[in-house]
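Residues in the sequence shown are numbered consecutively from 45, following my numbering.
Cβ atoms here follow ideal geometry from the backbone N, Cα and C, with glycine treated the same way.
These figures come from a predicted structure and were not determined experimentally.
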Amino acid sequence: MPRDLAILGGEPFFVQPLHVGRPNVPDERKVMERIQQAIDRRWLTSFGPLVKQFEHDLALTAGVKHCIVTCNASIALQVLIRAGGLRGEVILPSFTFIATAHTLLWEGITPIFCDIDEDTGNIDPDHAARLITPKTTGIMGVHLWGHPAPTEQLADLAGAHGLRLFYDSAHAIGSSRLGRPVGNFGDAEVYSFHATKFINSFEGGAIVTNDDELAERVRSMHNYGRGEGEYVSSIGTNAKMTEVAAAMGITSLENMPYLIDVNRERFEHYRAGLAGVPGVELRCPSRENTVNHQYIVFEVDEAEAGLSRDELVATLLAENVLARTHFHPGCHRTEPYVHDQATYAPLPLPHSEALSDRVVMLPTGTGITLTEVGQVCDIIRQAVAQAPAIRAASLA
Ligand code: T4K
């Protein structure tokens with residue numbers, strides 16, 4: 045006899061909530077040791093040895109010449125946008141976290157929202173080509189959910205029009221495309237190490253690039269326009285990372301191969317557990333890409349499942365599975381863009397809107413056991429089997 049689903053009056057299956065984004069904490073002893081060393085040497089921020097080591101380790105991981113770490117990825121994007129000379133209009137996918145758009149607008153640039161390829165969730169280069177105007181200065185690609193964007197077509201497009209090509213790679217450290225690691229594409233890329241990212245430094249970000257001049261400008265601007273010295277050469281801000289954050293970041297990065305294995309194992313478990321559930325399809329990497337699997341995303345086909353994405357999410361929430369719908373509804377349907385002629389007028393974006401209405405993100409990483417993954421899949425299976433009752437309950 046199956047238990048009653050919580051949405052139909054039963055008790056929630058999980059007593060403690062299962063979060064999307066529960067932090068992976070690496071070897072705590074090592075983190076604390078490194079923090080203690082920073083305290084002992086009284087060097088807490090501003091180009092300390094841990095920050096330098098984290099930059100070195102990240103550059104090595106990405107296979108690039110330069111890495112500048114920052115206090116978060118949003119400020120890293122802002123510094124890069126300014127240092128890279130972007131202005132006017134910049135093309136980006138709408139189907140991304142709001143920070144990709146906000147950082148452009150914050151820097152006085154009009155974000156021009158582009159549609160996506162629904163199969164990959166990533167920017168559609170053909171649509172991007174149609175959005176180029178005399179005001180366009182760059183493209184901000186996004187490796188959505190850690191799945192690398194079509195970097196070859198975007199490089200061709202940017203090259204043909206003399207545009208800057210940057211990537212918001214907040215989700216994608218450890219992923220690669222055609223054997224080339226993310227961090228290595230375009231003119232520069234930006235990682236995020238927010239606590240919810242599978243490699244974290246509490247808060248943090250990094251700009252990685254092979255461009256010597258750009259790296260120098262970024263390094264200068266992220267420390268009040270002074271680089272590591274006293275001489276002020278440009279406008280700047282304070283985007284520096286602390287030694288405490290770097291201690292966590294270094295230790296987290298050392299753990300990356302293990303964490304990718306953990307993520308992959310959970311992905312495979314979800315794949316097996318959701319196989320054959322009508323109207324439910326787990327999103328998988330495309331052939332060109334190797335991914336870090338830090339996000340588990342599935343799609344709901346309402347006609348086949350008999351219940352909508354939102355009804356299924358409500359069912360999961362009632363069971364204490366705190367599923368998310370990243371990135372619904374898409375930046376272009378979000379304030380302030382939705383009410384701005386400059387960013388909304390040439391829309392809608394049918395593929396972005398369709399996909400954003402279908403996706404659900406599930407917990408993964410070290411915050412969930414394989415047994416729990418199986419139990420989450422059972423809840424989804426049961427929900428689809430009892431779709432008419434759930435629909436009736438949500439209409440009541
Ligand atoms: N570009 C893209 C494509 C991005 O996805 C992001 C950020 C950025 C740029 C900007 O990067 P940062 O400036 O943040 O470095 C989160 C994160 O704040 C954000 O980093 C992330 N993307 C975005 C997708 O999600 P929230 O508001 O959902 O996160 P938050 O902090 O409420 O946490 C979500 C859940 O995780 C909580 O309900 C519980 C759990 N959690 C969270 C934290 C912080 C924990 O269990 N422990 C924790 O310490 O935005």
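For Ser-400, the Cβ stays outside the 7 Å cut-off from all heavy atoms of the ligand T4K.
The ligand T4K has a heavy atom closer than 7 Å to the beta-carbon of Asn-116. Ile-125 sits in a helix when the DSSP states are folded into three classes.
DSSP, read as helix, strand or coil, puts His-63 in strand. Apart from the 5 residues on each side of it in sequence, Val-75 sits with its Cβ closer than 6 Å to the Cβ of Ala-291, Met-292 and Thr-295 in its chain, given in chain order. Contact check for Leu-326 against Tyr-314 passes: the beta carbons are separated by less than 8 Å.
At the C-beta level, Gln-426 and Leu-49 come within 8 Å of one another.
The criterion of a C-beta distance shorter than 8 Å is satisfied by Leu-201 and Ala-173. For Arg-263, same chain residues with a beta-carbon under 7 Å away, outside a window of 5 residues either side, are Ile-112 and Gly-271 in chain order. By the CB criterion at 8 Å, Pro-61 and Asn-307 fall outside the cutoff.
When the five nearest sequence neighbours on each side are left out, the beta carbons in the same chain lying within less than 8 Å of the beta carbon of Met-265 are those of Val-123, Arg-126, Ala-127, Ser-278, Ile-279, Gly-280, Thr-281 and Ala-283, in order along the chain. Counting other Cβ atoms within 10 Å of its Cβ, Val-428 reaches 16 or more and is therefore classed as buried. By the criterion of a C-beta distance shorter than 6 Å, Leu-188 is surrounded in its chain by Gly-165 and Asn-166, once the five residues flanking it on both sides are discounted. Under the three-state reduction of DSSP, Phe-98 is assigned to helix. Within the model, the alpha-carbon separation for Ala-316 versus Thr-413 is close to 15 Å.
Assignment of beta-bridge partners to Met-184 by DSSP yields Phe-210.
The beta carbon of Arg-221 sits closer than 6 Å to the beta carbons of Pro-192, Thr-195, Glu-332 and Asn-333 from its chain, once the five residues preceding and following it are set aside; these are given in chain order. Contiguous beta strand (DSSP E) elements confined to the segment 232–269 occur at 232–236 and 249–253, taking only those with 3 or more residues. Per the DSSP secondary-structure output, Phe-157 pairs in a beta bridge with Leu-136. Following the DSSP letters along the chain, one finds Val-428 inside the alpha helix (DSSP H) bounded by residues 414–429. Taking all protein chains shown into account, Lys-241 has 16 or more neighbouring C-beta atoms within 10 Å of its C-beta and is therefore buried.
In its chain, beyond the 5 residues on either side, Ser-400 have a beta carbon closer than 7 Å to the beta carbon of Pro-373. Within 10 angstroms of the beta-carbon of Asp-212 lie 16 or more other beta-carbons, which makes it buried. Contact between Ala-349 and Pro-322 is confirmed by a C-beta separation of about 6 Å, below the 8 Å threshold. The C-alpha of Pro-301 is placed about 34 Å away from the C-alpha of Ala-362. In the three-state reduction of the DSSP assignment, Glu-325 falls in the strand class, which pools E and B. Taking Ile-119 as reference, the option from Arg-131, Val-59, Trp-150 and Val-226 with the minimal CA-CA separation is Trp-150. For Ile-279, no alpha helix (DSSP H) segment is defined, and its DSSP state is neither H nor E. Counting every other CB atom within 10 Å of its CB across the protein chains shown gives Asp-168 a total of 16 or more, marking it as buried.
By the 16-neighbour rule on beta-carbons within 10 angstroms, Glu-133 is buried.
By the Cβ neighbour-count rule, Ala-389 is exposed, with fewer than 16 other Cβ atoms within 10 Å of its own.
In its chain, beyond the 5 residues on either side, Ala-106, Gly-107 and Val-108 have a beta carbon closer than 7 Å to the beta carbon of Asn-228. Taken through DSSP and simplified to helix, strand or coil, Ser-352 comes out as coil. In this structure, Leu-351 sits away from Ile-243, with a CB-CB distance that is not shorter than 8 Å. Arg-402 is the residue among Gly-218, Ile-156 and Arg-402 whose C-alpha sits nearest the C-alpha of Asp-354. Per the coordinates, the alpha-carbon of Thr-253 lies some 51 Å from the alpha-carbon of Glu-55.
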